[in-house]
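Enquirer: Per my numbering: the sequence shown = residues 11 to 216. Beta carbons: idealized from backbone N, C-alpha and C, even for Gly. Given the structure is predicted, the values throughout are model-derived calculations rather than measurements. Just passing along the structure, written as structure tokens.
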Amino acid sequence: MALGTAGFTAALGVQRMEDNGLKPENGAVIVTGATGGVGSLAIDMLAGRGYEVVALTGKADQADWLKSIGAARVMLRSELDLANIKPLDKGLWAGAVDNLGGDVLAWIASTMKPWGTIASIGLAASTDLNTTVMPFILRGASLLGIDSGYAPAAIREHVWARLATDLRPRHLDAVTREVAFDALPTEFDRFIAGQAHGRVVVRIAP
Ligand SMILES: NC(=O)c1ccc[n+]([C@@H]2O[C@H](COP(=O)([O-])OP(=O)(O)OC[C@H]3O[C@@H](n4cnc5c(N)ncnc54)[C@H](OP(=O)(O)O)[C@@H]3O)[C@@H](O)[C@H]2O)c1
């Protein structure tokens, strides 16, 4: 359960990006919503595969934790100038795992390296996406939709097999916290306040 849908979805994102040419030697991979369940597991998996992982987070106080699970560098969302996103900016990323949508995803598209791949997983910030075709037709970037719910059975089995082998997270204990069922109201408050990080496994029986 520590992996759960978040772990499967992160691994499916890695699989789809690699199917589209992503390799560690292509350059850095950015992971947004980095302290979340999908983000933290994606960081762990990508670092384990030898990628240079850059974690984008809103939580400055979690920078050391993000580095401890595999991030080579940590960027803060507050450092980005999301009000002035150019159609094309300096190419920074060979790959991207995006959990936020909205302006952050638009900024990522504008900063992809040639032939870079973006795994669009989440909408934690917004369902909107206002971008241009420039990253796609002038840099060959790919925007890959990641849907865990209807993934075909053969792909599902392949991704779970990878989760047991080359994508097996190395820091699952550091990413996961176990809580009692009765503690759920407090846990939900932490999520609503934007203070949660990693995965929370709920112990149903005492
Ligand atoms: N496509 C699929 O099949 C699939 C499967 C599972 C999940 N999802 C989606 O993927 C996203 C991530 O899931 P998760 O389980 O990792 O969620 P989570 O544990 O709640 O993490 C989301 C992270 O996003 C950032 N965030 C939260 N609210 C934000 C806001 N208003 N603006 C900007 N950043 C915000 C925070 O990270 P930082 O503070 O570190 O930035 C937070 O830890 C969700 O949108 C979820 O619905 C999609």
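Beta strand (DSSP E) containing Arg209: first to last residue?
Expert: Taken as a continuous stretch (DSSP letters only), the beta strand (DSSP E) holding Arg209 covers 209–213.
Enquirer: Can you list the alpha helix (DSSP H) stretches of 4 or more residues lying completely in the segment 42–105, in chain order?
Expert: Those alpha helix (DSSP H) runs which fall completely within the segment 42–105 and span 4+ residues are 47–58, 73–78.
Enquirer: Can you grab the Cα-Cα spacing for the pair Ala226 / Val212, in whole Å?
Expert: Here the chain comprises residues numbered 11 to 216, so residue 226 is not present and cannot be evaluated.
Enquirer: If contacts are defined as beta-carbon pairs under 8 Å, then Val48 and Gly132 qualify, I think. What distance do you get, rounded to the angstrom?
Expert: Sure, about 6 Å apart at Cβ, within 8 Å.
Enquirer: I'd like to confirm something about Arg87: is its beta-carbon nearer than 8 Å to some heavy atom of ligand 1, or not?
Expert: Yes, since a heavy atom of ligand 1 falls inside the 8 Å radius drawn around the Cβ of Arg87.
Enquirer: Return the bridge partner residues of Gly155 from the DSSP annotation.
Expert: Ser130.
Enquirer: What span of residues does the beta strand (DSSP E) with Glu188 cover, start to end?
Expert: Residues 186–190.
Enquirer: Starting from Arg26, trace the alpha helix (DSSP H) in both directions and tell me its first and last residue.
Expert: Looking at the DSSP string, the run of the alpha helix (DSSP H) that includes Arg26 is 14–29.
Enquirer: Less than 9 Å separating the beta-carbons of Leu86 and Ala70?
Expert: In this structure, Ala70 lies closer than 9 Å to Leu86 by Cβ.
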